[in-house]
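Trainee: Encoded as structure tokens, here's the structure I'll be asking about.
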Amino acid sequence: MNDSVIDRRKFISNLLCLGGIAILASPQRSLAWASERAGLNRPGLPLTQLIRQQDSARVIGQAYLEAVPEEGNALLLSDTILGSLSLDADHAAALAPETLHQRLRERVREDFRDSRTVKLDGWILSRTEARLMALIALS
Numbered sequence: 003m004n005d006s007v008i009d010r011r012k013f014i015s016n017l018l019c020l021g022g023i024a025i026l027a028s029p030q031r032s033l034a035w036a037s038e039r040a041g042l043n044r045p046g047l048p049l050t051q052l053i054r055q056q057d058s059a060r061v062i063g064q065a066y067l068e069a070v071p072e073e074g075n076a077l078l079l080s081d082t083i084l085g086s087l088s089l090d091a092d093h094a095a096a097l098a099p100e101t102l103h104q105r106l107r108e109r110v111r112e113d114f115r116d117s118r119t120v121k122l123d124g125w126i127l128s129r130t131e132a133r134l135m136a137l138i139a140l141s
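Mind the numbering: the sequence shown is residues 3 to 141 in my numbering, read in order.
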């Protein structure tokens, strides 16, 4: 069965079982809870959506996390990547995907120019690319 179908079913089941009571108690709190359950509040969400090959990115990201375990936190990675782009989460979410992608490409070029690279399984990646893949691996 498709994982996304299972996740939706779990979400609907949890919403019906637990969310109904929360809605009566606090509509704002239940909306935040439902968004989190659906994965809408994941750190770095606008960034991770730029990568088409999610499965390959997860493999590379896992290799990076094994090499640099101290960066194994999605919020830390998201803040680090966005900070290197001179953005915060709100500004990144407000940007058009093409604009965010362009800024990310520029940062990757800067990483290579300034030797901010990491070698993983024989591949040389910019530090920003590797962190983005790690963020995908953690999501």
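Note that the Cβ used here is the ideal one computed from N, Cα and C, for glycine as well.
(1) Is A96 buried or exposed, if buried means 16 or more other CB atoms sit within 10 Å of its CB?
(2) Helix, strand or coil: which one does DSSP assign to S88?
(3) If you follow the alpha helix (DSSP H) that S58 is part of, which residue opens it and which one closes it?
(4) Secondary structure at I83, three-state DSSP: helix, strand or coil?
(5) Rounded to whole angstroms, how far is the Cβ of L106 from the Cβ of T82, which I believe are closer than 8 angstroms?
Mentor: Let me lay it out:
(1) To locate residue 96, count along the sequence shown from 1; it is residue 94. So A96 counts as exposed.
(2) Within the sequence shown, the letter at position 86 stands for residue 88. Coil at S88, not helix or strand.
(3) Sequence index remark: in the sequence shown, residue 58 carries index 56 (1-based). Q56 to A69 is the extent of the alpha helix (DSSP H) around S58.
(4) Within the sequence shown, numbered from 1, the residue matching residue 83 stands at position 81. Per DSSP, reduced to three states, the secondary structure at I83 is helical.
(5) The residue labelled residue 106 in the question sits at position 104 within the sequence shown. The residue labelled residue 82 in the question sits at position 80 within the sequence shown. Not quite, the Cβ-Cβ distance comes to about 13 angstroms (not below 8 angstroms), so this is no contact.
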